[in-house]
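Take a look at the structure set out below.
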Amino acid sequence: MSVEPGKWGVIYNPKAGTRKAHKRWNEIKEYMDTKGVSYDYIQSEGFGSVERLAKILANNGYRIIVVVGGDGAINDTLNGIKNSKAENKSEIAIGIIPNGIGNDFAKYWDMSMDYKEAVDQIINNRRKRIDVGFCRYYNGERHEQRYFLNAVNIGLGARIVKITDQTKRFWGVKFLSYVTAFFLLFFERKLYRMHLMINGEHIRGRIMTVCIGNASGYGQTPSAVPYNGWLDVSIINRPQFLQLFSGLWMLISRRILNHKVVRIYRTKKVKVFRARNASVDLDGRLLPKHFPLEIGIKPESITLIIPK
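Each residue of the sequence shown is one higher than the one before, starting from 43 at the first, in the working numbering.
Okay, here's the thing in structure tokens:
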């Protein structure tokens, strides 16, 4: 299929929990029409369809794929492109119009939450090649590889991300969502028996949460940048009672790396041999819990359209 150069392939992922999906899209569509944007549009049909649609667009020659959605939809778009048969996949540009409950990756780049400004930013077409993380694992039947832009969380961090995204539907405020997740898990504070290897060092013990970030990692790897060829890792052991409150505040204020119970690393590869009963979250998507996991980085592996 021959696609007009510069034509957008737009995937609209309706915001979870809203009844105004069509109204929202009609507003975005009307604005793109007034700006003279050339595009083809597809609406996702539920969980998992965004990845399939992105793969179809890439296979059919679209070089600009715009996703209207949140972190999960962006991750699905990335994986659809990377698993496509398109040539020069790293040159396919991803544009983002934030529309989901979780928009941490868009906020990392200071992308506007206003759809009109987001469309204008994509029209400006400022491009940057960025790093992509990957996670290799066994799904119980075969070995698979999934890509991520933000972070992999293992343990409590995966559960907090999940609960935070769910509570945003009701609160609509990130701070209140973190507080809600914190208190829901306050009396649990599980420790997971883990065995990891980072930079040749074997790390064994009872660990609360691990975050392996290509970007901010929902505040747990605030120093990570997705264009330096490295992954940042934060490992948190069980804090004492008062340290929970200081840790929550430091997480929200992006100073978690200064907390006493946090160990930090910078690496290109992490091997997770074991994390008994721990959830594994990749950009808001739960993975099958089959170990070992091999997590690494592919420098400048995709193109992102970013604000000027």
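Think of the CB as a built atom: it goes at the ideal place given N, C-alpha and C, for glycine as much as any other residue.
Residue-level contact to chain B via CB, residue i, 7 Å cutoff
{"i": "Asn101", "result": "Annotation note: the requested chain B is absent from the structure, which comprises a single protein chain."}
Distance, residue j Cα to residue i Cα
{"i": "Gln187", "j": "Tyr179", "result": "6 Å"}
{"i": "Ile136", "j": "Leu233", "result": "38 Å"}
{"i": "Ser154", "j": "Ser80", "result": "21 Å"}
{"i": "Asp173", "j": "Thr263", "result": "15 Å"}
{"i": "Val156", "j": "Gly78", "result": "This sequence places Asp at residue 156; Val is not what is there. Each residue's alpha carbon lies about 19 Å from the other."}
{"i": "Tyr83", "j": "Ile53", "result": "6 Å"}
{"i": "Glu129", "j": "Gly103", "result": "9 Å"}
{"i": "Leu284", "j": "Lys310", "result": "Confidence at Leu284 is low in this model, with a pLDDT of 47, below 50, so its placement is unreliable and no value can be given for it."}
{"i": "Ile138", "j": "Val110", "result": "6 Å"}
{"i": "Ser343", "j": "Ser132", "result": "5 Å"}
{"i": "Gly199", "j": "Ala320", "result": "10 Å"}
{"i": "Asn125", "j": "Tyr260", "result": "26 Å"}
{"i": "His244", "j": "Ile339", "result": "20 Å"}
{"i": "Val45", "j": "Ile278", "result": "48 Å"}
{"i": "Leu238", "j": "Leu335", "result": "9 Å"}
{"i": "Ile240", "j": "Tyr307", "result": "8 Å"}
{"i": "Leu95", "j": "Val108", "result": "11 Å"}
{"i": "Asn145", "j": "Val252", "result": "21 Å"}
{"i": "Val215", "j": "Ala266", "result": "For Val215, the pLDDT reaches just 48, beneath the cut-off of 50, and the residue's location in the model is therefore unreliable, leaving the point undetermined."}
{"i": "Pro341", "j": "Leu120", "result": "14 Å"}
{"i": "Ile70", "j": "Leu328", "result": "30 Å"}
{"i": "Phe147", "j": "Lys127", "result": "26 Å"}
{"i": "Trp50", "j": "Ile337", "result": "32 Å"}
{"i": "Pro140", "j": "Asp162", "result": "13 Å"}
Beta carbon of residue i nearer than 7 Å to that of residue j
{"i": "Leu273", "j": "Ile254", "result": "yes"}
{"i": "Asp118", "j": "Glu93", "result": "yes"}
{"i": "Lys313", "j": "Asn166", "result": "no"}
{"i": "Asn68", "j": "Ala115", "result": "no"}
{"i": "Phe333", "j": "Arg316", "result": "yes"}
{"i": "Ile134", "j": "Ile347", "result": "no"}
{"i": "Tyr73", "j": "Lys158", "result": "yes"}
{"i": "Arg318", "j": "Arg235", "result": "yes"}
Residue environment, residue i, which counts as buried when at least 16 other CB atoms sit within 10 Å
{"i": "Asn65", "result": "The amino acid occupying residue 65 in the given sequence is Lys; Asn does not appear at that position. Flag for Lys65 reads exposed."}
{"i": "Pro268", "result": "buried"}
{"i": "Trp291", "result": "Bear in mind that a pLDDT of 46 at Trp291, under 50, signals an unreliable position, so the number given afterwards is only what the model happens to contain. It counts as exposed."}
{"i": "Asn270", "result": "exposed"}
{"i": "Gly242", "result": "exposed"}
{"i": "Asp152", "result": "exposed"}
{"i": "Lys97", "result": "buried"}
{"i": "Arg201", "result": "buried"}
{"i": "Ala247", "result": "Reading off the sequence shown, one finds Gly at residue 247, where the question assumed Ala. Per the 10 Å Cβ criterion, exposed."}
{"i": "Ser276", "result": "buried"}
{"i": "Ser86", "result": "buried"}
{"i": "Gly90", "result": "exposed"}
{"i": "Phe212", "result": "In this predicted model, Phe212 has a pLDDT of only 48, less than 50, meaning its place in the structure is not dependable; the value taken from the coordinates is given anyway. Under this definition Phe212 is an exposed residue."}
Cβ distance (whole Å) where residue i is taken to contact residue j below 8 Å
{"i": "Ala257", "j": "Ala193", "result": "7 Å"}
{"i": "Thr345", "j": "Arg171", "result": "6 Å"}
{"i": "Asp325", "j": "Phe190", "result": "5 Å"}
{"i": "Asp323", "j": "Asn195", "result": "4 Å"}
{"i": "Pro330", "j": "Gly197", "result": "About 16 Å separates the two Cβ atoms, so there is no contact after all."}
{"i": "Gly48", "j": "Ile123", "result": "Their Cβ separation, rounded to whole angstroms, is 17 Å, which puts Gly48 and Ile123 out of contact at 8 Å."}
Check your understanding: Mind pulling the alpha helix (DSSP H) runs of 4 or more residues that sit fully within the stretch 76-107?
Key -> 91-101
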